[in-house]
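In order, the protein sequence lines correspond to chains U and G. Those letters in the first sequence? Residues 1 to 245, by my numbering. Those letters in the second sequence? Residues 1001 to 1289, by my numbering. We put the CB at the ideal spot given by N, CA and C, even for glycine. Remember, predicted model here, so these are calculated numbers, not experimental data.
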Amino acid sequence: MPLLEVERVSKAFGGVRAVSDVSVSLEEGELLGIMGPNGSGKTTLFNCIAGALSPDEGRIRLDGHDITGLSPHRICALGIARTFQLVRPFGGLAALDNVLVGRLFGRRRHDGGAHVEAERLLALVGLEGRAAVPAAQLTLIDRKRLDLARALATGPRLLLLDEFLAGLNPAETETAMALIRRLLAGGTTILMIEHIVWALADLSRRLVVLSAGEKIAEGPPAAVAADPAVVDVYLGTPRAGRGRA
Amino acid sequence: MTVLAQQLVLGLLIGSLYGLAAAGLSLVFGVLKVLNVAHGELIMLGGYGAFWAVALLGMDPFAALALVVPAALVLGAVLFLGLFGFVMRADEETRIKNSLLIGFGLALALHALAVQLWTADERSIPTPYGGAVITVAGLSLPVVRLLTLALAFALIGALHLLLAHWRWGQAIRAAAEDWQAALLTGIDVRRAYLLAFAMGTALAGAAGTLVTIGYSISPSIGLEWTLKALIVVVLAGLGSMLGTFTGGLALGVAEAVSAAAFGGPYREVVGLVIFVVVLLVRPRGLFGR
């Protein structure tokens, strides 16, 4: 049984169908990449899975249990955590407290050793020594790391990464990718939205491409990259009379 | 010189109550983004609660805190569930507007209720040690007011520790920073709001008790205390309870100075001047983030 099943989910805002009849499934331990142009519905889909939005149609199941429309804190307690495209740590709280909150309210809820665990997670993402710094004073990459540590602290079975690599320089991107590989090796299941196609192709064995709210392709990175529909979305259709005879 | 010093000390003593009154308002405003303009009426209610505890049950005035604070905690929870909880679904701008309407309505209702129950007369709680005064370096320090300052400081300190170390204290701070991220971190944000509002009301109850002991109350003191609290919140900024307490002390001292310099009536003016100047010069307040 797949860990996550998204079955024919749709979500509209007014007349705009942001996500339209999208199905995705994800096996335990897998990393599935989601790509697509801006406005193609990737983040809306994430919001539906994490519970920030309730889908208009379709079901979402985690490990066979229907979680469609549950409150985000319930879904988090069941084992789905996310990071944000625009990082959102609790700015006024120290880095350690950010992680501690996730630890105290997430899925693995036992207070004993929460501090030790929070410190371990800070070290895992490379923030050791910054525990006492208010999150708002960290650099972008460090805030991303903190966002990730906070998400991990909730003890997720499924981690949603929303453009985790955006805005990082090449060296930072390598560091972040190594971190993601380490999580994957540790057994975390990951669903990630990413614009950096080479990184996504490198990390995942399977990609899903969204365009205008619909799933237009799914498969191994090489096959997806060669798919005419994907090429069309990213590069545009050659105009009649110019590109083609 | 001694007269001025005496005024300053008395300003500091009343200022501790301004700080305590503001702490509850600041907690609710900072966490729920809701301005509870009935906060002063909750203080007034706490004062009468203490008055009853002393008059009907024969309790020691300071021991009345042990009764008033839990009762106010429950009242706060009821007010949140019955009134303020409903505006929390709206976006922040609508929240503020609707909470103002609810707050003004509640203030009027509580004022009328207090007139019915306790008449419009001023009340104060006489204590057996009421007249006791300690004299230090020519300054007389009323024992009762010294005790109210110590208790106000202890309550603020306790609140500070709760917010810093209690599991739900962390949740309240997280919800204040970013309620959506808090939800996605597994926090039941509505429950955090409920707790923050109940704690804010409990602080109002404690402030009311101390006001009744050291000073006096009547059903119409609500607006005055809401204003004082609001001035302190603006002066101190959101995010630090110890900062709010300091802001309260500062307002008390500023009032004493202006009364000494320009005469009694100007005591009330200085707070409003501070209010405007801080908003112009440093809108996030002295200690605000």
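Rounded C-alpha distance that separates residue i from residue j
i       : j       : result
G:L1183 : U:A136  : 19 Å
G:Q1170 : U:R74   : 18 Å
G:G1103 : G:N1036 : 5 Å
U:R244  : U:G236  : Its pLDDT being 44, under 50, U:R244 is placed unreliably in this model, and the value from its coordinates should be taken loosely. Roughly 13 Å separates the two Cα atoms.
G:L1146 : G:A1066 : 19 Å
G:L1081 : G:F1262 : 46 Å
U:D56   : U:S23   : 14 Å
G:A1196 : U:A171  : 43 Å
U:Y234  : U:R157  : 32 Å
U:R242  : U:D232  : A caution first: U:R242 carries a pLDDT of 48, below 50, which makes its placement in the model too unreliable to give a value.
G:A1090 : G:L1194 : 16 Å
U:L100  : U:R120  : 11 Å
G:A1064 : G:L1139 : 29 Å
G:G1058 : U:R82   : 56 Å
U:F84   : G:S1026 : 29 Å
U:V209  : U:G58   : 19 Å
G:V1087 : G:A1206 : 26 Å
G:Q1116 : G:A1109 : 11 Å
U:F105  : U:V224  : 39 Å
U:A199  : U:A50   : 24 Å
U:L86   : U:G155  : 22 Å
G:G1019 : U:G102  : 32 Å
G:T1226 : U:L3    : 53 Å
G:L1161 : U:L138  : 25 Å
U:I190  : G:R1282 : 45 Å
G:A1050 : G:T1212 : 8 Å
Cutoff 8 Å: residue i Cβ touching any chain U Cβ
i       : result
G:E1177 : yes
G:T1185 : yes
G:A1196 : no
G:A1171 : yes
G:R1089 : no
G:R1167 : yes
G:A1158 : no
G:A1370 : The question about residue 1370 of chain G has no answer, for chain G in this structure spans 1001 to 1289.
Interface flag, residue i vs chain G, CB-CB below 8 Å
i      : result
U:C48  : no
U:A77  : yes
U:D202 : no
U:D97  : yes
U:G241 : Unreliable positioning characterises U:G241 in this predicted model, as indicated by a pLDDT of 49, which lies under 50. A coordinate reading is not provided.
Chain G residues whose Cβ lies nearer than 8 Å to that of residue i
i      : result
U:G102 : T1185, G1186
U:R82  : L1184
U:G106 : T1185, G1186
U:R88  : D1178, Q1180, A1181
Per-residue contacts from residue i into chain G (C-beta, under 9 Å)
i     : result
U:L93 : Q1170, R1173, A1174, E1177
Interface residues of chain G facing residue i [CB-CB closer than 7 Å]
i     : result
U:P72 : L1183, L1184
U:A52 : Q1180, L1184
Near-chain U residues of the stretch 1006–1037 of chain G - C-beta to any C-beta below 8 Å: none
Residues within the stretch 145–172 of chain U neighbouring chain G, beta-carbon criterion of under 7 Å: R150, T154
Contact between the stretch 163–172 of chain U and the stretch 5–19 of chain U (3+ Cβ pairs under 8 Å): The stretch 163–172 of chain U is not in contact with the stretch 5–19 of chain U.
Residues of the stretch 1220–1244 of chain G whose Cβ lies closer than 8 Å to any Cβ of chain U, in chain order: G1239
Selection of the stretch 1115–1139 of chain G by Cβ proximity to chain U, strictly under 7 Å: none
Validate contact between the stretch 51–66 of chain U and the stretch 127–145 of chain U using beta carbons, cut 8 Å, 3 pairs: no
Members of the stretch 130–143 of chain U that neighbour chain G once the beta carbon cut-off is set at 9 Å: P134, A135, A136
The stretch 3–28 of chain U: positions lying closer than 7 Å to chain G by Cβ: none
Contact between the stretch 1219–1237 of chain G and the stretch 1041–1048 of chain G (3+ Cβ pairs under 8 Å): yes
Three or more C-beta pairs below 8 Å linking the stretch 115–131 of chain U and the stretch 145–155 of chain U: Contact between the stretch 115–131 of chain U and the stretch 145–155 of chain U is present, because at least three Cβ pairs lie under 8 Å.
The stretch 1165–1180 of chain G touching the stretch 1002–1014 of chain G, judged by at least three CB pairs closer than 8 Å: No: fewer than three Cβ pairs fall under 8 Å.
Validate contact between the stretch 1008–1016 of chain G and the stretch 1246–1255 of chain G using beta carbons, cut 8 Å, 3 pairs: yes
Inter-stretch contact (C-beta, 8 Å, three-pair minimum) for the stretch 1229–1238 of chain G and the stretch 1113–1131 of chain G: no
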